[in-house]
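Protein chains in written order, with my numbering: chain A, 970 to 1419; chain B, 402 to 898.
All residues carry an ideal CB built from backbone N, CA and C; glycine is no exception.
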Amino acid sequence: MTRYTAVTDADREAMLAAIGVDSVEDLFAAIPADLRLQRPLDLPEGQPEQAVYAHLRELAERNVSAEDELTFLGGGMYDHYVPALIDMLTSRSEFLTPYTPYQPEVSQGGLQVMFEYQTAISELTALPVANASVYEGPSALASAGYLARLAQPAKRRFVISAGVHPHARETLRTYAHGFGAEVVEVPLRDGVTDPDAWAAAIEAGTGAVFVQNPNFYGAVEDVAALAAAGREAGAVVVASYDPITLGILVPPGECGVDVCVGEGQPLGNRLDFGGPSFGFFAATEAYLRRMPGRIAGETVDAEGRRGFVLTLQTREQHIRREKATSNICTAQALNALAGVVYLAWLGRRGIVELGELLLQRTHYAREALCAIDGVEPWHTQPVIREFAVTLPAPVEAVVERCAAEGVNPGLALPEENALLVAITEQRSRADIDRLADVLARALVREEVTA
Amino acid sequence: MSVSTETPLQREEIRTIFEKGAPGRRAFVCPELDVPKVDGLLPDRFRRAQPPRLPEVSEPEIVRHYVRLSKRNFDLDSGFYPLGSCTMKHNPRLHERVTALPGHARLHPFQSPKRAQGALELMWNLERALAEISGLPHVSLQPSAGSHGELAGVLLARAYHEDRGQTRTKVLTPDTAHGTNPATVTMAGLEVVKVGTNPDGGVDLDDLRAKATEDVACLMLTNPNTLGVFDPNIREIADIVHGVGAVLYYDGANLNAIMGITRPGDMGFDIVHFNLHKSFTQPHGGGGPGSGPIAVSDRINPYLMNPRIVKREDGTFDLDEHGYEKSIGRLRGFQGNYGCFVRAYAYIRSLGAAGLRDASETAVLNANYLLARLGEVAEHLPLAFGRLCMHEFVLSGAPMKRELGIRTLDLAKRLLDHGHHPPTVYFPLLVDEALLIEPTETETKEALDAFADAVKAILEEAREDPEIARNAPYSTPVRRLDEAGAAKRPVIRQSLD
């Protein structure tokens, strides 16, 4: 008996008698003797709760988290403040411990959360149709590729901007190799997708085009223009967005985007070293029946009361099997709950105010860093929450010097010898001034050493 | 005058968060602008004209709204949840506590490996533990859920054959397989070939031999399968599949039956995925998050996803982004669902080898005991295959439907009134009126007895009056819902116009 099981010796005896066998061993008779493991698994011995806690805490203490240093790391996940009410709601047993709402009569809470979440994502993106979440950002983009592949089977060429997150580009390649599409990458020019190369790359056989806004380097892309080039060729236009910017950025639904995806972590989810978070997936009406994943829909019960169910399930793997629009089953419902609660918490005015704050502070930070000798903007495009600067000394060494002073200055991009710096509402002007100070001193020392 | 027995909570008028609040209300207070305001930073053509119509609500309104919604959910912490194939075992709260420690929860995924040594060591240790449990030496924790692990597995099998210059287009899946198996095969650009089931619930060997041809890339198999049957011919199955040069993929959805007892690697499998949210007890979250690591044999190892965790000679850990040139690449961003790794690792450290074996033995004991108790109504709900089961079993409701006039769906709905979550229903597809029941090891004998008694009571009640079950449930926040209407005229977001 472990601390999570409850069968006593007396229970076992009674249960075996009811089953009609002599021992638990007999229940495994179907497993051929030569396939049974003849030794205990080679694992550390089980430990009481307090010992496991101590071990996990010790491991946690050997990580430098956003609690321990002043961090400007971003690149797809961001250290936004997660309000306390999210911890409270996501740890409620009623949300935490059920599974997918297969029995809607006892899952109205979860189903209504999905419905509200879909509404919030639809509002953010200005697209009419959203599912109840997919795994995370990069695989969401790849899933949009599968949607395009099924929608236009004859078109096997995908065009993707080099401004899309490198993990998403790589994930798309992995998926596309499987379902059979060629991926062509279009380079950036002054920090944004080169419009001439973009137009040249898109041809009649192009099934989908992929762009990210703001792009990986923080630059705001002219999505409407890029989308127009894709639409003209009859391609599915896929755009990945940072949801936190959609309070102030023109939404994808107004830019000619067919499918909008993105990483939901900025919306009330912890960093968690990369997951779990959620991916969002929204589209135009035309793609409703091609969507991957769960969708909650409104209906009525036998007495006419408003209620919610999983709907349009004939798209899904458990019904359609090899003809399904996706293989996804378990998605990220709890993380999507955090997302919709966060959006309700921010509210209609808050999401605009937050976007405006990030816009102003990010500009301030770029100016402050570029005032340092030898630091140059990697591009001069508008930025909202993140920007890249090039350094006069090797970026990785500079990052180490700053980290030694308790400041993580951002993500090192060794190929460009650039630093990608992210701003959240948790990084004040004083924090940014400290970053500039520490970075300036690190550069001086690094240049002296060199 | 009649007295209503309905509680306001259960039957309150439902409004969404978008229909609550009032203009001007807020929960978020934005930090003040502490830098000089500069106009025109975002050109007008990029600027949103109208803000998204998010709710305008105060913090107390948000809390009350979602707490009340939560009470319209059934959950594992409140009651028995024998949802077959989903392994709804208890979620230890220790796991939530340790996952929330800032060193884990606020660790940025782009943190330098030098400053994430605790996380990488945890992932390394978890990889080693999963390798030991599966009997397959190489592990990638990256996939986000079981179906994502399946996609990894089929792409790996494909890459293995492609590297040998072979184009193999077919994947064999038994007709008992989870829907994710065939859906995954199509997504990976291959073709599904179904293999039949023999009268004992295992793979039909003759059918397998006939379909195992030189153009087969792999066989996807769950063992024990979705009927709760361990296929005793597994050696022979492996020999047939390997005989034509194909790869064996083990769907680990049912690993909870065999931890420490037998290992997929020892059975001859090349690739296995784990559902950390099942066997290694993650809270299911109402439909995720999950986590679907895979373990593979030496011959599949060169193709595993990047990045890989490496242990250096000095005992430190690193992330190797591009170490394997033949890698199929990435399947998602960053390193996977780390929060799930922390929980699974805590679970393995809590139980150890003996505890994991005990968990599987108890899961199988509990399932067989519940099967025996339900044997008291076998005339209406017979076991579909065999006499004993592994960690779950399938009953057929066909005689019940014929003789008592209630369907499996009706039984499921009436169970809700008895305070139990129903089993998985109408799966697997090859059993008429199927009920797939998985009690897990964390239930007490009393809970199993109560469930069996409820089933018996419902059947007795149906003998008297089948209408009662046909119209169930009665005690839930809503009655049966019009699913056909929902699909016909989809309303999938709140209208704000």
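Need the endpoints of the beta strand (DSSP E) that K712/B sits in, please.
For the purposes of this step, residue 712/B is identified with residue 311 of the second sequence, where counting begins at 1. Per DSSP, K712/B belongs to the beta strand (DSSP E) from 709 to 712.
Mind checking the segment 973 to 985 of chain A against chain B and listing, in chain order, the residues whose C-beta falls within less than 8 Å of any C-beta there?
Going along the segment 973 to 985 of chain A in chain order, one finds Y973, T974, A975, V976, D980, R981, A983, M984, L985 with a Cβ nearer than 8 Å to chain B.
In the structure shown, what three-state DSSP assignment does C741/B receive?
For the purposes of this step, residue 741/B is taken as residue 340 along the second sequence, with counting starting at 1. Residue state, collapsed to three classes: helix.
In angstroms with no decimal places, state the Cα-to-Cα distance between V1103/A and V856/B.
As a position in the first sequence, residue 1103/A is number 134, starting the count at 1. As a position in the second sequence, residue 856/B is number 455, starting the count at 1. The straight-line gap from Cα to Cα measures roughly 36 Å.
Using a Cβ cut-off of 8 Å, pull out every chain A residue sitting near L502/B, in sequence order please.
Position 101 of the second sequence holds residue 502/B. Here the neighbours are L1025, R1026, A1029.
Name the chain B residues that come within less than 9 Å of S1295/A, Cβ to Cβ?
Numbered from its first residue, the first sequence carries residue 1295/A at position 326. Under the 9 Å cutoff, chain B gives S548, A584, M588.
Using a Cβ-Cβ cut-off of 9 Å, state whether T623/B counts as contacting chain A.
Stepping through the second sequence from its first residue, residue 623/B is reached at position 222. No, T623/B lies away from the interface with chain A (no Cβ there is under 9 Å from its Cβ).
Classify T1066/A as helix, strand or coil using the three-state DSSP reduction.
Along the first sequence, one-based indexing puts residue 1066/A at 97. If DSSP states are grouped into helix, strand and coil, T1066/A belongs with coil.
Verify the CB distance criterion: does H1134/A have a CB-CB separation below 9 Å to chain B?
The sequence position of residue 1134/A within the first sequence is 165, counting from 1. Chain B contact via Cβ: present.
I'd like the span of the beta strand (DSSP E) that includes F675/B, first residue to last.
For the purposes of this step, residue 675/B is taken as residue 274 along the second sequence, with counting starting at 1. Element bounds for F675/B: 672 to 675.
Here's a check: name, in chain order, each residue in its chain whose Cβ is nearer than 7 Å to the Cβ of Y725/B, leaving out the five neighbours to either side.
As a first step, residue 725/B is located in the second sequence; it is residue number 324 there, counting from the start. Answer for Y725/B: P703, L705, N707, R709, listed in chain order.
With distances taken from CA atoms, which of E1415/A, G1375/A, T1393/A is nearest A1403/A?
Indexing the first sequence from 1 puts residue 1403/A at position 434. Per the sequence shown, residue 1403/A should be read as Arg rather than Ala. Nearest C-alpha to R1403/A: G1375/A.
I need the boundaries of the beta strand (DSSP E) containing V572/B, first residue and last residue.
Numbered from 1 along the second sequence, position 171 holds the residue referred to as residue 572/B. Residues 571 to 575.
In the DSSP assignment, what residue or residues form a beta bridge with D652/B?
Taking the second sequence and counting its residues from 1, one reaches residue 652/B at position 251. D652/B is bridged to H674/B.
Please list the terminal residues of the continuous alpha helix (DSSP H) segment that includes Y1256/A.
Counted from its first residue, the first sequence places residue 1256/A at position 287. Careful: Y1256/A lies outside any alpha helix (DSSP H) and carries neither H nor E.
On the three-state DSSP scale, how would you describe I859/B?
In the second sequence, the residue the question calls residue 859/B occupies position 458. If DSSP states are grouped into helix, strand and coil, I859/B belongs with the helices.
For E413/B, which residues of its own chain have a beta-carbon under 7 Å away from its beta-carbon, when the five flanking residues on both sides are left out?
Looking up residue 413/B in the second sequence gives position 12. Excluding sequence neighbours, E413/B sits near nothing in its chain.
Restricting to runs no shorter than 4 residues, where is the alpha helix (DSSP H) found entirely within the segment 761 to 794 of chain B?
Counting only runs of 4 or more, we get nothing.
L1058/A and V468/B - do their beta-carbons sit closer together than 9 Å?
The sequence position of residue 468/B within the second sequence is 67, counting from 1. The sequence position of residue 1058/A within the first sequence is 89, counting from 1. Closer than 9 Å, so yes.
Would E1272/A be called buried (16 or more neighbouring beta carbons within 10 Å of its own) or exposed?
Indexing the first sequence from 1 puts residue 1272/A at position 303. Per the 10 Å Cβ criterion, exposed.
Considering only C-alpha positions, which residue in the set V993/A, A1095/A, Y1086/A is nearest to L1215/A?
Reading the first sequence from its first residue, position 246 is the one you call residue 1215/A. The option with the nearest alpha carbon to L1215/A is A1095/A.
Tell me the rounded alpha-carbon separation between F1084/A and T1253/A.
Numbered from its first residue, the first sequence carries residue 1084/A at position 115. Numbered from its first residue, the first sequence carries residue 1253/A at position 284. About 17 Å.
Is N1386/A close to the ligand GDP? I mean its beta-carbon at under 8 Å from any heavy atom of the ligand.
Annotation note on the ligand GDP: not contained in the displayed structure, which lists no ligands.
DSSP three-state label for K421/B, please.
In the second sequence, the residue the question calls residue 421/B occupies position 20. The answer is coil: DSSP assigns K421/B none of H, G, I, E or B.
Could you say which of S471/B, A423/B, Y748/B lies nearest to V458/B if we only look at CA atoms?
Mapped onto the second sequence, residue 458/B falls at position 57. Measuring from the Cα of V458/B, the nearest candidate turns out to be A423/B.
If we require 3 or more residues per run, which beta strand (DSSP E) segments fall completely within the segment 1283 to 1343 of chain A?
List check, beta strand (DSSP E) in window: nothing returned.
For E1416/A, collect the residues of the same chain with a Cβ closer than 7 Å to its Cβ; drop the 5 residues on either side in sequence, then sort them by chain order.
Stepping through the first sequence from its first residue, residue 1416/A is reached at position 447. Cβ neighbours of E1416/A beyond the five flanking positions: P1361, A1362.
Check each candidate in T1331/A, E1030/A, C1229/A and name the one with the smallest Cα separation from A1188/A.
Walking along the first sequence from the start, residue 1188/A turns up at place 219. Minimum Cα distance to A1188/A is reached at T1331/A.
In its own chain, which residues sit with a C-beta less than 7 Å from the C-beta of Y482/B, not counting the 5 before and 5 after it?
Sequence index remark: in the second sequence, residue 482/B carries index 81 (1-based). So the qualifying residues of the chain are M489, H822.
Check the C-beta distance from G753/B over to P1017/A and give it rounded, since I have them as a contact under 8 Å.
Along the second sequence, one-based indexing puts residue 753/B at 352. Along the first sequence, one-based indexing puts residue 1017/A at 48. Wrong, their Cβ atoms sit about 11 Å apart, outside the cutoff.
Distance, Cα to Cα, L1065/A vs P493/B?
Working through the first sequence from its first residue, we reach residue 1065/A at position 96. Working through the second sequence from its first residue, we reach residue 493/B at position 92. Distance between the alpha carbons of L1065/A and P493/B is about 12 Å.
At the level of alpha carbons, what is the spacing between D1342/A and H1348/A?
Residue mapping note: residue 1342/A aligns to position 373 of the first sequence, counting from 1. Residue mapping note: residue 1348/A aligns to position 379 of the first sequence, counting from 1. Looking at the two C-alpha atoms, the distance is approximately 17 Å.
Hey, quick one: how far does the beta strand (DSSP E) through H539/B stretch, first residue to last?
As a first step, residue 539/B must be located in the second sequence, where it is residue number 138. 539 to 541 is the span of the beta strand (DSSP E), which, as asked, contains H539/B.
Leaving out the 5 sequence neighbours to the left and right, which residues in its chain are closer than 7 Å to M402/B when beta-carbon positions are compared?
In the second sequence, residue 402/B corresponds to position 1, counting from 1. Confidence in M402/B is poor, its pLDDT being 45 and thus under 50, which makes the residue's placement unreliable; the coordinate value appears in the next sentence. Counting only Cβ-Cβ distances below 7 Å, and skipping sequence neighbours, we find nothing.
Rounded C-beta distance between D667/B and R700/B? I'm assuming under 8 Å.
Position 266 of the second sequence, counted from the first residue, corresponds to residue 667/B. Position 299 of the second sequence, counted from the first residue, corresponds to residue 700/B. Wrong, their Cβ atoms sit about 16 Å apart, outside the cutoff.
What do you get for A813/B, buried or exposed, if any count of 16 or more other CB atoms within 10 angstroms of its CB means buried?
On the second sequence, residue 813/B is found 412 positions in, with the first residue counted as 1. Label assigned to A813/B: buried.
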